[in-house]
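Numbering (our numbering), first residue to last: 3 to 67.
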């Protein structure tokens with residue numbers, strides 16, 4: 003039983019020390035945060051673009067009359 007616990011402890015220590023995929027996880031988290039921020043800001047940007055196109059359409063329509 004003691005050998006089992008010692009082996010388990012050794013494996014846990016080795017897994018804790020292994021940081022090979024840490025960079026990948028960090029980059030993935032940064033990408034998710036950027037994607038969420040971009041998605042959150044798209045509503046306001048889309049509304050402003052729509053307002054600009056509506057304004058241009060009204061001005062062009064005024065010149066046509």
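For every residue, glycine included, the Cβ atom is placed at its ideal position computed from N, Cα and C. Everything numeric in this text was worked out from a predicted model, so none of it was measured.
query, result
"Inter-residue Cα distance where the pair is residue 48 and residue 40", "12 angstroms"
"Boundaries of the alpha helix (DSSP H) in which residue 37 is found, first to last residue", "24-66"
"Per-residue DSSP class, three states only, for residue 13", "helix"
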